[in-house]
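Asker:
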Amino acid sequence: MQGPYQSTKIKAHIVNGFTAGDKGGNPAGVVLDADNFDEKDMLQIA
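With this note's numbering applied, the sequence shown covers 45 to 90.
#1: Looking only at DSSP bridge pairs, what is ALA78 linked to?
#2: Is ILE91 helix, strand or coil by DSSP?
#3: With ASP85 as the anchor, note down where its alpha helix (DSSP H) starts and where it stops.
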């Protein structure tokens, strides 16, 4: 990640958990390939 006045594109997916179909459930944001993010980066994304 970069400083507070710079931006980095991060691809996030929204998935619905706890549902049997394609509607309802609890939406959650998921970022793939986040192995290189430290705790500070992850908190900024959240």
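From the three backbone atoms N, C-alpha and C, an ideal C-beta is built for every residue, glycine too.
Answerer: Taking the structure as given:
#1: None, per the DSSP bridge assignment.
#2: Here the chain comprises residues numbered 45 to 90, so residue 91 is not present and cannot be evaluated.
#3: 83-89
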